[in-house]
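2 protein chains.
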Amino acid sequence: MKRQNNIPTIQDVAQRAQVSAATVSRVLSTPERVLPATRQRVADAVKATGFTINVAARSLRMQRARTILVVVPGIGNAYYSTILDAVVNEATRRGYGVLVNSRLDDDPATWLADYFHSNRTDGLLIFDGFLDTRRLHSIAGDDPLLPLVAAYDELPDPQLNSVLTDNLQAAERAVAHLVSLGHRRIGHICGQSRNASPNERLVGFRKAMFDHRLEVRPEWILPGEYTMRSGVAAGHAFAALADRPTAVFAGNDEMAIGFLSAIRQNGLDCPRDVSVIGFDDIDVAQNYFPALTTMRQPREAIGRIAAETLINILEDRVVKAPIHVVLTSELIVRDSTAPLTRSAVG
Amino acid sequence: MKRQNNIPTIQDVAQRAQVSAATVSRVLSTPERVLPATRQRVADAVKATGFTINVAARSLRMQRARTILVVVPGIGNAYYSTILDAVVNEATRRGYGVLVNSRLDDDPATWLADYFHSNRTDGLLIFDGFLDTRRLHSIAGDDPLLPLVAAYDELPDPQLNSVLTDNLQAAERAVAHLVSLGHRRIGHICGQSRNASPNERLVGFRKAMFDHRLEVRPEWILPGEYTMRSGVAAGHAFAALADRPTAVFAGNDEMAIGFLSAIRQNGLDCPRDVSVIGFDDIDVAQNYFPALTTMRQPREAIGRIAAETLINILEDRVVKAPIHVVLTSELIVRDSTAPLTRSAVG
DNA sequence: GGGGCACCTGCAATCGATTGCAATGAAGTG
DNA sequence: CACTTCATTGCAATCGATTGCAGGTGCCCC
């Protein structure tokens, strides 16, 4: 498929406005340096020709692509899709393009470096906690301030700019909610640890349990992978327990939903037999049955602020130290948690 | 944030391999035109320098960006996220970057044309049926074969390349499933019509009802917008009906879920009081309660094939007429549909 | 009136790759 | 041996924008 060849260039505009290409360029980038009359002539010519800048030429000359790369761990995920949406909106507003990628298979250090070297992207937005952040440092050379913002649910390398939520405290508040309903026997469905750092939601769970002087039983910590499927597995494991907790804190909503689906198959009812609190507040949480109590993550804000931060860094708004933004999760009480009743104590 | 300036260029490689830049370029694009010995020297130099091509320079020279633009109607959507995932995988495999956008607010003809003119993208993948396709023609000039593939759930302009599923027949099969369970009083939650073309799922519904000699009652056609929220509204409207259908075919799973959530609040039970069949088979469908009967859309295939088709067109695999790929939806029977019982007849 | 200055604009180099054309050399043919 | 042919490689123009430098103009002030 050949491109049409009548796309107007800056030369065409210059010719029509009776000025040099340099002047057109200046009108576009620093209009105050051009005489108003000339400026107007050029503006008219731009409109008349329908000129749009050739980004390849500009990128080549300026060594900047005005594009950011977003790395998500599988875009097909209810949680990240909203975030991505916010990123696209913010980036577009600032005149940046958004490239997406999710190649988790290959060695990330290689292809990420390629994106930089190839002048395809100026900065990176990482929503994927499974990337080895220690290797990210090598990507932008020795610059201690990478044009990179990490935004995922584990505390990343403190050297990296980050936008996250108060996972640890949120986990504590989730447990506190269950405790306030009278629950003492509390389990947890935990996601994998990422980046060799401890899973913050699990840590928060343990801390809250300790603070409330409650016992953490190893068999009540059910391993998961942040997927519905793993939630289902956890639900079956739960149903098979001889001695079950009366409440469960799930590391995210997807696992909570899988869990609820599985225990129902095993004849258990939520919240009668077990209260369940999730994490994230994905769209379906409020329309699930039972409607899911959860710690809402401000997903739109995460995406928007992450994009904003990255672009600020790229545009040299002076940054001296890594930026860390922490957003607050909000407890949303719905129907999947209920006061402890005699029957549940079983 | 300044870029590091020691990124190796093709000149650096050439110098190291003792050849000209032209030869390096040939080794990279048409190796068979270079003497094996030279080819090897160059390959070694590429490896040694860590050369990656500067895409801005290549795009400028070749007038091709090796990038495609994906337009989705709100990325924050369970349905499209899987498709986008497949697109990214396929495009990456073929060496293409993927830009995303979802600006539905502005006049699409304007900013889409900008993407083309600015040499930012070579082709378009449209998953957004709300774009006015008549205006898309103007984008790539007079070329009757736009570098554009439309993939959304309404039959688009036959002049456009498209990848879709058999919506109409699938809707008929959905109704047939309900009929086979004994239902005669069947309602429909329909999404908006797009592109001024009739909503295919609604048309399929009507056709199936006609073929089965069943009455289509206007008050049983509940308007929706393909969102959970609109499904909730439909559910409340349904509950308020004096004379209710015994089964409902929802235009997509999100509306079905909203619907189920709402009727439950109104004391109605699915499938006891009403059978519900959805459309799409989004991830949560199987873990919803009741598990949702639905027409599965091959989302991964839609995304992959759409990307494949677009890139084939871009790379001049001869295309003489618009390409139309139609994929088949599959009936997935779960728990939200059940045989008609006396109680439901009410 | 001349020197200085500020402002506006144009010239031309530059970013890094691709490719038509030409040069080179080796091989083949009469 | 001379001439053609072909394979291999290099030269240099080119894609379209940006920007340092310098030229030109007008204005002010002494």
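If you're matching them up, the sequences are chains A and B in order. Quick note on numbering that gives the first Met the number 0: the first sequence kicks off at 0 and runs consecutively. Quick note on numbering that gives the first Met the number 0: the second sequence kicks off at 0 and runs consecutively. C-beta: ideal position from N, C-alpha, C; glycine also.
Under a criterion of Cβ atoms nearer than 7 Å, the residues of chain B adjacent to THR51 of chain A are, in order, ASP113, HIS116 and SER117. Nearest Cα to VAL231 of chain B within the set A:ALA36, A:GLN285, A:VAL178 and A:ALA233: A:GLN285. For the region 84-97 of chain B, the set of residues with a beta-carbon nearer than 7 Å to any beta-carbon of chain A comprises ASP84, VAL87, THR91, GLY96 and VAL97, in chain order. GLY266 of chain A carries a coil assignment under DSSP once its states are collapsed to helix, strand and coil. Leaving aside the five residues that flank ALA337 of chain B on each side, the residues in its chain whose CB is nearer than 7 Å to its CB run, in chain order, LEU180, PRO270 and SER274.
Residue pairing from DSSP places ASP279 of chain B in a beta bridge opposite B:ARG295. Taking a C-beta cut-off of 7 Å against chain A, the contacting residues of the region 254-269 of chain B are ILE256, GLY257, SER260 and ARG263, listed in chain order.
Of all residues in the region 193-222 of chain B, none comes within less than 7 Å of chain A when Cβ atoms are compared. A buried status is given to VAL202 of chain A, since no fewer than 16 other beta-carbon atoms sit within 10 Å of its beta-carbon. Judged by DSSP in its simplified three-state form, HIS182 of chain A adopts coil rather than helix or strand.
PRO35 of chain A: member of the alpha helix (DSSP H) spanning 35-48, first to last residue.
Among the CB atoms of chain A, one or more fall inside 8 Å of the CB of PHE288 of chain B.
With 16 or more neighbouring CB atoms inside 10 Å of its own CB, PHE258 of chain A falls in the buried class.
Judged by their CB atoms, ILE281 of chain B and ALA77 of chain B are nearer to each other than the 8 Å cut-off.
Taking 8 Å as the CB threshold, ALA55 of chain B lines the interface with chain A. With a threshold of 8 Å between beta carbons, SER24 of chain A makes no contact with chain B. When secondary structure is reduced to three states using DSSP, SER335 of chain B falls in the coil class, being assigned neither helix nor strand. ASN160 of chain B carries a strand assignment under DSSP once its states are collapsed to helix, strand and coil. Inside the region 231-258 of chain A, DSSP marks whole beta strand (DSSP E) runs of 3 or more residues at positions 246-249, from first to last along the chain. For LEU123 of chain A, no alpha helix (DSSP H) run applies; the uninterrupted beta strand (DSSP E) run containing it begins and ends at 122-125, by DSSP. Of the residues B:LEU68, B:ARG243 and B:LEU240, the one whose Cα lies closest to the Cα of ASP121 of chain B is B:LEU68. Residues of chain B whose Cβ lies closer than 7 Å to the Cβ of VAL99 of chain A are, in chain order, VAL87, VAL97 and VAL99.
In the DSSP secondary-structure assignment, SER274 of chain A is bridged to A:ALA246.
Think of a sphere of 7 Å around the beta carbon of ALA306 of chain B: no beta carbon from chain A falls inside it, the nearest being about 13 Å out. For THR51 of chain B, no beta strand (DSSP E) run applies, since DSSP gives it neither H nor E.
For ILE9 of chain A, the enclosing alpha helix (DSSP H) covers residues 9-16. Residues of chain B whose Cβ lies closer than 8 Å to the Cβ of LEU291 of chain A do not exist, since the nearest Cβ in that chain is about 11 Å away. When only Cα atoms are considered, VAL332 of chain A and PHE288 of chain A end up about 14 Å apart. Contact between GLU253 of chain B and ARG295 of chain B is absent: CB atoms are separated by about 15 Å, not below the 8 Å threshold. No Cβ of chain B is located within less than 8 Å of the beta carbon of ILE185 of chain A. Per DSSP, reduced to three states, the secondary structure at GLU329 of chain A is strand.
In this structure, the CA atom of VAL325 of chain B is about 6 Å from the CA atom of ASP165 of chain B. When C-beta atoms of the region 172-188 of chain B are compared with those of the region 202-220 of chain B, three or more pairs fall below 8 Å, so the two segments count as touching.
Take TRP219 of chain B, set aside five residues on each side of it, and the residues of its chain with a beta-carbon closer than 6 Å to its own are GLY186 and PRO244, in chain order. Shown here for ILE304 of chain B: same chain residues with a beta carbon closer than 7 Å to its own, the five before and five after excluded, namely VAL162 and VAL324 in chain order. Scanning its chain for C-beta atoms nearer than 6 Å, with the 5 sequence neighbours on each side dropped, one finds around ALA169 of chain B the residues MET294 and SER328, in chain order.
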